[in-house]
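Right, one structure below, let's go through it.
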């Protein structure tokens with residue numbers, strides 16, 4: 015009687031919800047392990063399903079990876095949309111314009127969830143696979159077109175905006191705020207390297 019009651023009250027989770035949860039789990043796991051270093055069963059366990067069920071929804075590990083990467087690009091697009099919608103030129107500080115507002119929103123996104131940054135870097139690293147390269151190109155092209163729809167700017171301004179975005183990616187990955195040549199942390203690293211090289215050169219060699 016108890017078993018029958020449990021079966022009747024248990025709610026079946028729709029496949030669409032499972033798929034969405036698997037993509038969320040894949041974002042996290044692929045961000046840490048990349049395409050080739052992440053077992054599908056680890057993603058499945060995170061959601062509480064069996065590995066064969068994952069393949070029934072996505073077909074292959076590569077398709078699951080691409081679904082996670084696409085979600086990352088969609089989040090960036092949504093971040094830009096929100097920034098553009100909320101931007102009010104009348105109330106903005108004098109040195110703030112639309113593209114600065116979108117850039118600031120992107121920086122805050124990188125700070126709040128590092129998984130999407132690392133997944134994006136893994137996506138570019140996996141582009142030696144032709145299928146992945148084609149799909150990631152399409153995701154990137156859609157994002158550029160989306161920014162063009164939000165911001166009435168010249169092609170050169172759009173290019174500069176995305177160059178700055180890549181600069182932010184590298185800075186966030188390194189955990190620094192500044193990548194300018196000669197900035198404090200860069201100068202300190204260079205001096206440390208020079209000191210280590212000088213110390214190694216002065217050390218007696220084995221057998222001398």
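In the working numbering, the protein residues as written are 15 to 222.
Built from N, CA and C at the ideal position, the CB exists for glycine as well.
Per-residue burial, residue i [other beta carbons within 10 Å of its own, 16 or more giving buried]
i, result
"residue 83", "buried"
"residue 193", "exposed"
"residue 99", "exposed"
"residue 118", "exposed"
"residue 52", "buried"
"residue 73", "exposed"
"residue 124", "buried"
"residue 191", "exposed"
"residue 151", "exposed"
"residue 94", "buried"
"residue 217", "exposed"
"residue 136", "buried"
"residue 207", "exposed"
"residue 212", "exposed"
"residue 149", "buried"
"residue 215", "exposed"
Host alpha helix (DSSP H) of residue i (start-end)
i, result
"residue 70", "65-72"
"residue 86", "75-100"
"residue 125", "112-126"
Presumed contact (8 Å Cβ cut-off) between residue i and residue j, rounded CB distance
i, j, result
"residue 89", "residue 68", "Rounded, the Cβ-Cβ distance is 22 Å, inconsistent with contact."
"residue 167", "residue 113", "7 Å"
"residue 97", "residue 115", "5 Å"
"residue 131", "residue 185", "Incorrect: roughly 10 Å between the Cβ atoms, too far for contact."
"residue 39", "residue 61", "5 Å"
"residue 32", "residue 54", "With a Cβ gap of about 14 Å, residue 32 and residue 54 do not count as contacting."
"residue 122", "residue 76", "About 31 Å separates the two Cβ atoms, so there is no contact after all."
"residue 140", "residue 78", "Not confirmed; about 13 Å, so no contact."
"residue 157", "residue 87", "6 Å"
Complete runs of the alpha helix (DSSP H) confined to the segment 22-61 [at least 4 residues]: 29-47, 54-61
Every unbroken beta strand (DSSP E) inside the segment 163-201 [3 residues or more]: none
Runs of alpha helix (DSSP H) lying entirely within the segment 135-166, each at least 4 residues, in chain order: 144-164
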